[in-house]
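Reviewing the structure listed below.
Protein chains: 2
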Amino acid sequence: MLTHGPMTGYRLREEIGSSVGHFWQESFGQLYPTLSRLEDEGLVRRAEGEGRSSPFELTDAGREALRAWLAAEPESLSPGRNELLLQVFFGRHAPPGVLRGHLDRHRARLEAARDSYRDLERLVAAQDSPDRTYWLVTVRHGLAHVEAGLGWHAEAVALLDEEMP
Amino acid sequence: MLTHGPMTGYRLREEIGSSVGHFWQESFGQLYPTLSRLEDEGLVRRAEGEGRSSPFELTDAGREALRAWLAAEPESLSPGRNELLLQVFFGRHAPPGVLRGHLDRHRARLEAARDSYRDLERLVAAQDSPDRTYWLVTVRHGLAHVEAGLGWHAEAVALLDEEMP
DNA sequence: CCCCGCATGTAATAGGTTACATGATTGG
DNA sequence: CCAATCATGTAACCTATTACATGCGGGG
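Okay, here's the thing in structure tokens:
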């Protein structure tokens, strides 16, 4: 994230939240110790602090480490846990109507997410930055999955309605 | 999972892996302590052990707890972390071709996952169980998301190829 | 002058995985 | 009889979140 320019840890977290927040997040309890470690390893250094704070900036070694990380095979993301799906799986034992409620509230969350992805898409598409296409691709990922979720919802409701009319 | 019948902890984990494994997984280090806790709480009990092992079975209180959990609002799943997307986001700094390699290997993994979901779908669709529809819905979820991922891959490659022809 | 936002950090805790240790049973 | 599988559990470790503690500076 420091390729965007020198930043304090606090600022860094804001930047993370407003750009890669949909698929990556860091807490302060993680950020500050990590920054110290990176400083020890010579990958970042404290820039001249104008005012009170001391922002961090990338060193040449840091830029090199970034390139190395980009070339490394990404951790194939584990499926993670999805409690809603677990409830669907055992749905036969649920009181009537309960599952439908879970699914409909899920759809509402997906629709809200779709709206915010669309806003973000417009925002990214409009800007003139060398990063533009890369960022757009990550937004399209979010959008594609949210839309898949909405399609699944419709199908799920149809299938389950047959079951218990 | 004990609604399927009494089971040992070992068996339970196998069952988890082969049914809800795509969206939920448990390790032994988690399973055995949890079973002990559930026994203390009176939600499961050790069934008559035919042979060496002592399988667990649901108590009435356990079945009631299952219904209560099914009615509870599911933990809205956190976005999680996706290292591939992070690499795409910072892709401008990557050596040429590297990103494309990551994406193509990702596609191969998705295609393999799609195949195994399709197999599973046939398997579930063919069986005659009161749980059939519920299970099918969870499989369709996996399939929908894998297919969304494949669509995204094609789009991503197209967008990035414009960028660096 | 007081509150809010910027800023840094630590401690407690949670949640989970991996590795280790152990032993019984069974099929080849 | 030996290897693989079934079976149970614990200990170490790791990763990350939450809460807590602290302080500065600027605007109302």
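Protein chains in written order, with UniProt numbering: chain A, 1 to 165; chain B, 1 to 165.
All C-beta atoms, glycine included, are put in the ideal place defined by N, C-alpha and C.
Item, Value
"Near Ala65 of chain A, what residues of its chain come up, given a Cβ to Cβ distance below 6 angstroms and the 5 sequence neighbours on each side ignored?", "Leu43"
"Where does Phe28 of chain A fall in DSSP's three states?", "helix"
"Could you name the residues of chain B that Gly151 of chain A contacts, counting a contact when the two beta carbons are closer than 7 angstroms?", "Ala144"
"For chain B, check one thing: does any of its Cβ atoms lie closer than 7 angstroms to the Cβ of Ala125 of chain A?", "no"
"Find the residues of chain A that neighbour residue 186 of chain B, judging by a C-beta separation of less than 8 angstroms, and give them in chain order.", "The requested residue 186 of chain B is not part of the displayed model; chain B covers only 1 to 165."
"Under the three-state reduction of DSSP, which class applies to Phe90 of chain B: helix, strand or coil?", "coil"
"Within the same chain, show all residues whose beta-carbon is closer than 6 angstroms to that of Pro6 of chain B, passing over the 5 residues directly before and after it, in chain order.", "Ala47, Pro55 and Glu57"
"Name, going along the chain, the residues of the UniProt domain \"Transcription regulator PadR N-terminal\" (2 to 67) of chain A whose beta-carbon falls closer than 9 angstroms to a beta-carbon of chain B.", "Thr3, Ser19, Val20, Gly21, His22, Phe23, Trp24, Gln25, Arg63, Leu66 and Arg67"
"Mind pulling the chain B residues with CB within less than 8 angstroms of Ala156 of chain A?", "Val137, Arg140 and His141"
"Looking at the structure shown, is Glu39 of chain B part of a helix, part of a strand, or coil, going by DSSP?", "helix"
"Name, going along the chain, the residues of the stretch 74 to 93 of chain A whose beta-carbon falls closer than 7 angstroms to a beta-carbon of chain B.", "Pro74, Glu75, Ser76, Leu77, Pro79, Gly80, Arg81, Asn82, Glu83, Leu84, Leu85, Leu86, Gln87, Val88, Phe89, Phe90, Gly91, Arg92 and His93"
"Going by CA-CA distance only, name the one from B:Ser116, B:Thr133 and B:Phe90 that's closest to Thr3 of chain A.", "B:Phe90"
"Please classify Leu77 of chain A: does DSSP put it in a helix, a strand, or coil?", "coil"
"Tell me, please, whether the CB atom of Glu111 of chain B is closer than 7 angstroms to any CB atom in chain A?", "no"
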